[in-house]
Structures are given as C-alpha cells and as structure tokens.
Amino acid sequence: MEFQRILERIDPDELVDLTRKLIQIPSVYRPKEGGNEEKVAEFVAGYLREIGLQVITEEVAPGRPNVIATLEGSGPGRCLLFEGHTDVVTEGDASEWTYDPFAAEVVDGRIYGRGAADTKNNLAAAIIAVKALKESGYPFRGKVLLAIPVDEEGMMIGIKHFIERGHADDVDAAIICEPEENQICITQKGAMRAVVRTLGKMAHGAMPLSGINPIPHLAKIIVALEELERREKERHGKHAYLGYPSITPTIVQAPVEGEPQINVIPREAYMTLDIRTVPGQDHAELETEIRRILADLAAEDPDFKATLEVIEERPWTETDRDEPIVRAVHEAVETVTGRQPVYNGVPGATDGTFLWAWKDIPIVTTGAGDRLIPHQKDEWCSIEQLVETAKIYAVAAARFLS
Numbered sequence: 100m101e102f103q104r105i106l107e108r109i110d111p112d113e114l115v116d117l118t119r120k121l122i123q124i125p126s127v128y129r130p131k132e133g134g135n136e137e138k139v140a141e142f143v144a145g146y147l148r149e150i151g152l153q154v155i156t157e158e159v160a161p162g163r164p165n166v167i168a169t170l171e172g173s174g175p176g177r178c179l180l181f182e183g184h185t186d187v188v189t190e191g192d193a194s195e196w197t198y199d200p201f202a203a204e205v206v207d208g209r210i211y212g213r214g215a216a217d218t219k220n221n222l223a224a225a226i227i228a229v230k231a232l233k234e235s236g237y238p239f240r241g242k243v244l245l246a247i248p249v250d251e252e253g254m255m256i257g258i259k260h261f262i263e264r265g266h267a268d269d270v271d272a273a274i275i276c277e278p279e280e281n282q283i284c285i286t287q288k289g290a291m292r293a294v295v296r297t298l299g300k301m302a303h304g305a306m307p308l309s310g311i312n313p314i315p316h317l318a319k320i321i322v323a324l325e326e327l328e329r330r331e332k333e334r335h336g337k338h339a340y341l342g343y344p345s346i347t348p349t350i351v352q353a354p355v356e357g358e359p360q361i362n363v364i365p366r367e368a369y370m371t372l373d374i375r376t377v378p379g380q381d382h383a384e385l386e387t388e389i390r391r392i393l394a395d396l397a398a399e400d401p402d403f404k405a406t407l408e409v410i411e412e413r414p415w416t417e418t419d420r421d422e423p424i425v426r427a428v429h430e431a432v433e434t435v436t437g438r439q440p441v442y443n444g445v446p447g448a449t450d451g452t453f454l455w456a457w458k459d460i461p462i463v464t465t466g467a468g469d470r471l472i473p474h475q476k477d478e479w480c481s482i483e484q485l486v487e488t489a490k491i492y493a494v495a496a497a498r499f500l501s
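In this note's numbering, the protein residues as written are 100 to 501.
Printed below as a string of structure tokens:
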C-alpha cells in the first residue's frame, strides 16, 4: 500500500494516551474565572516541539493562547491546515456523570470525558497523524499547518485572531477536526444570533390600562417569526445534508432587570434568536425581513416599540465535491476503511466558517465521535473510530500534498 509506512507509525496507545492527557487538563472557559485554555495550550505546544514541529503561541486574550505548528515538506507546494480547538463546554453538574468528566476513563473500548468527542480526541488524532507523516519520511511538498485555537465554543475569537494575523493567507485547504463519525461534511449551516427587545411602561397588574405591557408585543413577534420561518422553509426547501433553515427563540425574559413580580407589568421584555441558515439564504435579506415585521407591528399599534440587534453572524459554507481536499479525504476514507465514504453536513457552525467566508479556503469537516454526543453528560468516543480518524487524517494529508 502506498501509504503503509505512514499508517505503521500511528500508535493507537500513543493516540489514546494523548487524548486522555488533553481531557485531563480542564479547559472550560468560565467568564468569572477567565480563560482556562492556557494549561492545555502549553501542554500541546510542548508536545509539538518534542516531535520536531515549528511552534508558536499567540495570546488572543489573557490566559487564552492559540497554538500554531508547522511541518515543512521538501519544497514549495500546497499548504494544508488541520484545525482543532482547545476549549470545551461546561461539564454541568459533575455528579450526574457516570464517570468523572475530567478523568478520561477508558471503559469497554471508549474514552469518557468532556472533550472526548468535541474535540480533544480529534485534536490528538491530527497531532498523531502529522507526527506519523513526519516520522515516516514520506515525500511531500508544501507544508502542514496545525491551528489549535481557543474559544470555538464561544465567539470564536481564536480562529478570528489566527486569520487576522495572516496565518491563513497561504492555506490552500483545511480539515476541520470535529465529531462527525468520520463522515465527509462539505457544508454547514450559517448562524445569526439576535436580540429583540420590546419596550413598554411599568404598571400594576390590576390596572393594565395604566401601563403598556411589552410581553404581548413580544408574543406577536414570535408568531410572525414562525410565519417567516415557514416561508423560508418553503422557499429554500430541505437541504440534502442540512435539512431546513430555522428561526428559534431561545431566551424569553421579562423583566430584563430587577425582581419579577406576579402583580407588576414589566417595562421591557427580551428575547434571543438562534437563526440557522442553509446555502442560498441571504443573511442581510433575512435581517431586513425581521425588521419589516417590527415596522409593520409598530404601524398597527402606536404603543408598540421594539428593537433588533444582530450580535453575531456566521455564514453558511459549501465546498464543491470536486475540490482537491474533498477528493483527498474521500480517497483516504476508502484507503483506511475499505468503505465508500458517507457525505453529510454540519448542523452547527465551526471555526471553519471563517476560514471559508473570510479567506475562500475550501474546508472539509470530519473526525471521530457520535454526532449527537457533544455537550451532553457522559461524552465519549470509540477508540476504534478514533484510530481510524488519525489514519484518515494522515492519508488525506499525504494525498493532498503529494
């Protein structure tokens, strides 16, 4: 086999050990405590230096450093980026877990812990894959770049900083290391996060006519957004990999500040929207439609006052199946597994969103882990699937850079 000498250097025990060590360094970002990615970033940087890569670290925010590592080939050529973040979401109530969320216990062929699927396992797989490529002596041109940013689970400040500093300027393609059951994900939903506020007048609940209740106004907006969602679904249909677009109210709160009381009409009501879009939807047009809803409701009722603020926007992405990186991953899956690859899409946004949107970099998202496990208690990953992932990453890199 053409890539046998690379695959022989992927040590399953080393991969499991590295994954466990990453999980055992908690890296939940807790705003009251500051950044918690620093210790795991320091560990990763040291590990990468030990295996002979060129490594730099850059502080994105206090206690929140990105790690960037490079493996150079024999001469000029393409640049392939592997991206895997260091942060993980909260473990929640640790007492609800069967196994300690940061012990990284191995049970019946699975690794358990926060980040076991999303995505310290896949970060470890990318590192071991690059190590195998280096140690095998397999000839390739160009370079492999490892981007290991902070804050993927938040506002993605890590990957934004990586791009702003120019590190992505020469990247020709990227593999985003996320739990996708080793399916080849070539598209992902876009996201808009928005805040809607309705403004009223505080009054006694027994005398509602003396005030203006912002809650029914918010309810009218919710009903109108349901209708807008229905129209968008009808207009764009069901995407083959991503399903339908959605407009989802996620937080509804009144009053926004102060003590709620059953006999008091609040002066303000607040709602957040998690809007997920599919290829073909225009975010600017969608925002215009929502603002039109608010304007129409205000035209019907002089007491209606509402504001809309879009606080974050992440465009959808779509990579053509004929792109060299897609073909390389496709062939790697066939080589490693002997199976025909399964194509799919990512229902949420990843750091790859900004690589695609800001730099036109073709991206493929793939990696080990059940797609439904991330952010749940008792998060886990199959060791067998994880070893498969490291091999896929290694062969895809060799194929793309050959």
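Where a beta carbon is used, it is the ideal one built from N, C-alpha and C, also for glycine.
Residue environment, residue i, which counts as buried when at least 16 other CB atoms sit within 10 Å
i, result
"residue 308", "exposed"
"residue 79", "Because the chain spans 100 through 501 in this model, residue 79 falls outside it and cannot be assessed."
"residue 219", "buried"
"residue 108", "buried"
"residue 401", "exposed"
"residue 129", "exposed"
"residue 337", "exposed"
"residue 242", "buried"
"residue 418", "buried"
"residue 194", "exposed"
"residue 224", "buried"
"residue 429", "buried"
Residues that DSSP places opposite residue i in a beta bridge
i, result
"residue 373", "292, 347"
"residue 261", "According to DSSP, which records beta bridges pairwise, residue 261 is partnered with nothing at all."
"residue 163", "160"
"residue 413", "290"
"residue 281", "Paired residue(s): none; residue 281 is not in a bridge."
"residue 169", "153, 244"
"residue 106", "None, per the DSSP bridge assignment."
Limits of the unbroken alpha helix (DSSP H) element including residue i
i, result
"residue 322", "313 to 335"
"residue 387", "382 to 399"
Where residue i sits in the DSSP three-state scheme
i, result
"residue 481", "strand"
"residue 211", "strand"
"residue 434", "helix"
"residue 310", "coil"
"residue 249", "coil"
"residue 429", "helix"
"residue 135", "coil"
"residue 206", "strand"
"residue 144", "helix"
"residue 441", "coil"
"residue 188", "coil"
"residue 360", "coil"
"residue 408", "strand"
"residue 342", "strand"
"residue 124", "coil"
"residue 422", "coil"
"residue 227", "helix"
"residue 488", "helix"
Unbroken beta strand (DSSP E) run spanning residue i, endpoints
i, result
"residue 465", "462 to 465"
"residue 180", "178 to 182"
"residue 305", "Where residue 305 is concerned, there is no enclosing beta strand (DSSP E), given that its DSSP letter is neither H nor E."
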